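Step one of this worksheet: look at the structure below.
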Amino acid sequence: MDILQALILGIVQGLTEFLPVSSSGHLVIVPYVLGFPNAPVIFDAMVHVATLFAVVLFFRKDLFDMARSFVSGSSSKEDVLNRKLGIMIVIATVPAAVIGFLFEDEFAAFFSDPLSAGFFLIVTGVVLIATERIAKDSMEIERLDAKKSVFVGLAQALAILPGISRSGSTIVAGMLLGLTRESATRFSFLISVPIIAGAGAFAMKKAFVDSAWEQVSLQVLLAGTLSAFIVGFVSIGFFLGFVKKHPLNVFAYYCFIVGVAVVSGNLFW
């Protein structure tokens, strides 16, 4: 892997981790299309750490307020709501954490190829369009309860399949429960923190076990990490602003077009 490849894959990770277009699917498709070698495990770990820092930095006030509410034990309305939100984030994290821990290697072995990623991108596109047509968004994030959070968490677990967008599936789940598009997106990003942290920690552990630090230069790692961090941070701000005014249809069409192109390319060329 060279610096240019690292920059491209870092940008792809930063963009697609938070937009509803599937980072895992794009990290299968882009190297395949461009003829890149498989990225070392340590590179995967570092770009996950980069996007984790991006979302933590962006939502630093929300995360600090939630942490402070647990420490203070205050009964003020604001602290009660922050504690509740923190608990809902934990609840929504459990399904994906359990399923990912138990079955990620099995799913990766069966579905980590361009054809599967393309197929699941088509599924993502169809689901995004369908949700925009049937969802009735009237509920704010404060009205989430444990059952609704479990439902969002189960949707997040679907992202173990390359091509199924983590942000897309959780936003869709939130909207189907009645959350406004903006509230569903905010909750999706907040529950990404523990999941991205877990994925990064798992990849980091594997990198140490495999002595993967020796497989890639420091310059390459820095290029991928910095590009993923910067692009990820900008993507979060862009997407939160976008969903305030626009439906998700443009991302649905993108997923559908890319998915059809990848599937067709694999089947007929």
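Residue 120 in the working numbering sits at position 118 of the sequence shown, and the numbers go up by one each step. No residue lacks a Cβ here, since even glycine has one placed at the ideal position from N, Cα and C. Since we're looking at a predicted model, the values are computed, not measured.
With contacts defined by Cβ atoms closer than 8 Å, G261 and I124 form a contacting pair.
Note: M3 is not bridge-paired with any residue in the DSSP secondary-structure output. The C-alpha of F231 is placed about 11 Å away from the C-alpha of I238.
Judged by their CB atoms, P164 and S24 are nearer to each other than the 8 Å cut-off. Within a 10 Å sphere around the beta-carbon of I91 sit 16 or more other beta-carbons, which makes this residue buried.
If you look at G243, you'll find it in the alpha helix (DSSP H) that goes 220–247. Rounded to the nearest whole angstrom, the C-alpha separation of V236 and T18 is 12 Å. The three-state reading of DSSP puts L146 in coil, since its state is none of H, G, I, E or B.
The three-state secondary structure of L179, taken from DSSP, is coil. Here L178 is not near T227, since their CB atoms are 8 Å or more apart. In this structure, the alpha-carbon of T126 lies about 7 Å from that of A254.
C-alpha of M206 to C-alpha of I44: approximately 6 Å in a straight line. Exclusion of the five residues before and after F105 leaves I162 as the residues of its chain whose Cβ lies within less than 8 Å of its Cβ.
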